[in-house]
Amino acid sequence: MEMPGSNAAKFVTEVEMNYNQYEAGISVLDQLRSPLRRPKASHIRQLLYMALYPPSFQINEVDITASPSKIKQGVPFRLKTTAIRSAQRLLLSFALTNTPKGLFRTVMTDSVLARDSQCITRSKNCWSLLKPGGSKRPKNAWPTLEWFISIFEKDESMTEVGQPPFSELLLSQIPPTRDGKARWELSAPLDVVFCCLQQRNDNYRKLGARLMALLINLSLTIHLDHSIFVSSVFSRLSTTSTDLFVYLMLSITPSPSMLRFKVSLCQHFLRNHDGHVSNILARPKPQARAPPRPRGSNATTLSEPTPEATAHRVARKIVLPSAKEITRLASLKPTPSSVSIPRIQFELVQAYTLLQRQCAEEERDQDWLSGFYRDNLTGAFGGACEEGRQFGQVLQTLIEA
23 MEMPGSNAAK FVTEVEMNYN QYEAGISVLD QLRSPLRRPK ASHIRQLLYM ALYPPSFQIN
83 EVDITASPSK IKQGVPFRLK TTAIRSAQRL LLSFALTNTP KGLFRTVMTD SVLARDSQCI
143 TRSKNCWSLL KPGGSKRPKN AWPTLEWFIS IFEKDESMTE VGQPPFSELL LSQIPPTRDG
203 KARWELSAPL DVVFCCLQQR NDNYRKLGAR LMALLINLSL TIHLDHSIFV SSVFSRLSTT
263 STDLFVYLML SITPSPSMLR FKVSLCQHFL RNHDGHVSNI LARPKPQARA PPRPRGSNAT
323 TLSEPTPEAT AHRVARKIVL PSAKEITRLA SLKPTPSSVS IPRIQFELVQ AYTLLQRQCA
383 EEERDQDWLS GFYRDNLTGA FGGACEEGRQ FGQVLQTLIE A
């Protein structure tokens with residue numbers, strides 16, 4: 023169990039920080055770093071501040087109670103590039119050695135850096151620190167985003183045995199609903215995801231894929247509205263390009279949870295393409311009518327269990343479409359669109375086939391696994407078009423394996 027750091031260690035570090043010896047203070051923090059000792063929240067907050075703010079940004083160090091003339095004569099203060107890089111490295115080091123929840127705390131303190139870094143505590147959530155205006159220079163936000171994602175991933179890995187993996191800290195960064203039901207306001211984290219995916223730098227794109235994986239796992243719990251999440255991802259992908267869609271599909275690991283999301287997303291794409299969004303052929307009869315949403319969604323929604331009634335079950339039940347429905351969607355004729363319809367059909371059938379081999383016995387469609395629908399897929403994926411023929415050949419090999 024993590025214990026608070028010693029008072030002596032805090033004193034030494036704060037003396038260094040208060041007298042603008044930031045690199046020395048960072049060095050002391052690094053030497054005192056231990057999985058048994060929790061770093062002081064104000065130190066983490068100041069490291070975040072340094073990681074986000076470039077050396078070109080100047081602060082005037084003054085006594086806020088002084089007269090206007092004295093405030094005007096304040097001592098200019100700048101962070102050196104070496105201090106910023108050291109702060110970024112130390113944040114990632116803390117993410118490896120200390121618990122996620124211990125690193126997320128914030129407290130108030132003093133000194134020029136500490137006072138100005140209180141913008142961290144006043145931020146609505148972690149996303150507001152990363153968007154334009156949160157950081158004085160956008161490129162300074164990338165190391166901090168990596169730090170947040172590392173914290174979320176570590177938090178996810180510490181999920182209680184027997185429960186689906188998800189990050190409670192990531193959930194805390196999504197606004198709760200007024201009625202206490204599943205959260206759905208995902209515009210801020212998805213803004214970050216798609217900003218990353220649209221970058222040319224592959225390291226930045228990977229950050230987007232990692233954050234998306236965290237959101238997917240969260241959507242497979244009762245804490246997040248899965249149907250609204252799928253609809254939100256669809257609305258963004260539908261206006262991008264096939265390349266971005268393919269990158270996202272390739273970045274999704276072939277685990278059962280990720281494959282379920284891929285099936286849901288591709289199914290949503292193709293039902294929208296078919297012009298029958300309200301089609302419920304593959305869905306069971308709902309037990310109760312879902313309450314109206316604050317925002318419209320063209321996806322079929324799942325009935326929401328109350329948190330109290332399902333406290334012992336965190337996993338959300340996602341019903342798989344039938345093999346007949348998968349075959350129908352894979353056989354739809356393509357039309358011009360920003361994202362290739364044959365490619366979406368290919369991803370749907372591939373994910374469904376892999377998932378059928380991994381899911382529980384009661385969810386398996388034996389007709390699909392036995393190849394009953396093999397002939398029906400002959401003209402799928404765009405029929406006679408070259409792209410469709412290539413996808414068909416690949417999937418025939420997969421299904422026969």
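In case it helps, my numbering puts the sequence shown at residues 23 to 423.
Using N, Cα and C, we set each Cβ at its ideal position, and we do this for glycine too.
Please read all numbers here as calculations on a predicted model, not as lab measurements.
**Request:** Report the rounded CA-to-CA distance for L74 versus L114, giving the unit in angstroms.
**Result:** In a straight line, the C-alpha of L74 is about 14 Å away from that of L114.
**Prompt:** Taking the C-alpha atoms as reference points, what is the distance between I363 and R205?
**Reply:** In this structure, the alpha-carbon of I363 lies about 31 Å from that of R205.
**Asked** Just how far apart, CA to CA, sit H248 and L272?
**Response** Each residue's alpha carbon lies about 21 Å from the other.
**Cβ pair count under 8 Å reaching 3, the segment 284-294 against the segment 341-358** = At 8 Å Cβ cutoff, the stretches touch.
**Request:** Reducing DSSP to helix, strand and coil, say where R365 ends up.
**Result:** Judged by DSSP in its simplified three-state form, R365 adopts helix.
**Asked** Taking Cβ positions, are V252 and S286 nearer each other than 7 Å?
**Response** It is a contact, given that the beta carbons lie within the stated cut-off.
**Asked** Around the Cβ of S241, are there at least 16 other Cβ atoms within 10 angstroms (buried) or fewer (exposed)?
**Response** Flag for S241 reads buried.
**Prompt:** Beta-carbon separation of L229 and L167 under 7 Å?
**Reply:** If you check the CB distance, L229 and L167 come in under 7 Å.
**Item:** C-beta contact flag for L192 and L236 at 7 Å
**Value:** The answer is yes: Cβ separation under 7 Å.
**Asked** Under a Cβ-count criterion, where at least 16 other Cβ atoms within 10 Å of its own Cβ denotes burial, should R350 be classed as buried or exposed?
**Response** Residue burial annotation: R350 is buried, with at least 16 other C-beta atoms found within 10 angstroms of its C-beta.
**Request:** Please say whether T243 and F427 have beta carbons closer to each other than 7 Å?
**Result:** Absent from the model: residue 427. The displayed extent of the chain is 23 to 423, so no value can be given.
**Message:** Once the 5 residues before and after C288 are set aside, which same chain residues still bring their CB inside 6 Å of it?
**Reply:** Only I366, E369 and L370 meet the Cβ criterion.
**Request:** Consult DSSP for S344 and reduce its assignment to one of helix, strand or coil.
**Result:** Annotated three-state conformation of S344 is coil, per DSSP.
**Asked** Does DSSP put A63 in a helix, in a strand, or in coil?
**Response** Three-state result, A63: helix.
**Nearest residue (CA-CA) to S172, options M234, P198, S263 and K339** = Comparing Cα positions, the closest option is M234.
**Request:** Rounded to whole angstroms, what's the CA-CA distance from V268 to N223? Just pull it up for me.
**Result:** Each residue's alpha carbon lies about 17 Å from the other.
**Asked** With 16 as the cutoff for other CB atoms within 10 Å, does P122 come out buried or exposed?
**Response** Buried, because 16 or more other Cβ atoms sit within 10 Å of the Cβ of P122.
**Prompt:** Between Q378 and L391, is the Cβ-Cβ spacing less than 7 Å?
**Reply:** It is a contact, given that the beta carbons lie within the stated cut-off.
**Request:** Determine the closest residue to A337 out of Y374, K102 and R282, with distance taken between C-alpha atoms.
**Result:** For A337, the nearest C-alpha among the options comes from R282.
**C217 versus W164: straight-line alpha-carbon distance, rounded** = Taking the straight line joining both Cα atoms gives about 11 Å.
**Item:** Enclosing alpha helix (DSSP H) for E207 [first to last residue]
**Value:** Premise fails: E207 is in no alpha helix (DSSP H) and is neither H nor E.
**Message:** Could you check whether D52 and L112 sit closer than 7 Å to each other, using their CB atoms as the reference points?
**Reply:** Contact flag set, yes.
**Message:** Short of 8 Å in beta carbon distance, which residues of its chain neighbour E175, apart from the five on each side in sequence? Order them along the chain.
**Reply:** The answer, listed in chain order, is S189, R232 and L236.
**Message:** If I follow the unbroken alpha helix (DSSP H) through Q289, where does it start and stop?
**Reply:** Counting along the chain, the alpha helix (DSSP H) containing Q289 begins and ends at P278 to D296.
**Request:** Report the option in N239, S260 and K203 whose CA atom is closest to the CA atom of S277.
**Result:** With distances taken between Cα atoms, S277 lies closest to N239.
**Item:** Backbone CA spacing between E178 and K339 [nearest angstrom]
**Value:** Using only the alpha carbons, I get a separation of about 19 Å.
**Request:** For the alpha helix (DSSP H) containing P165, list its first residue and its last residue.
**Result:** Run containing P165: A163 to S179, per the alpha helix (DSSP H) assignment.
**Prompt:** According to the Cβ coordinates, are S254 and L212 closer than 7 Å?
**Reply:** Cβ atoms of S254 and L212: closer than 7 Å.
**Message:** I need the straight-line Cα distance from Y395 to S150, nearest angstrom please.
**Reply:** Answer to the nearest angstrom: the Cα atoms are 49 Å apart.
**Message:** Can you list, in chain order, the residues of its chain with a C-beta nearer than 8 Å to that of P198? Leave out the 5 residues immediately preceding and following it.
**Reply:** Answer for P198: R205, listed in chain order.
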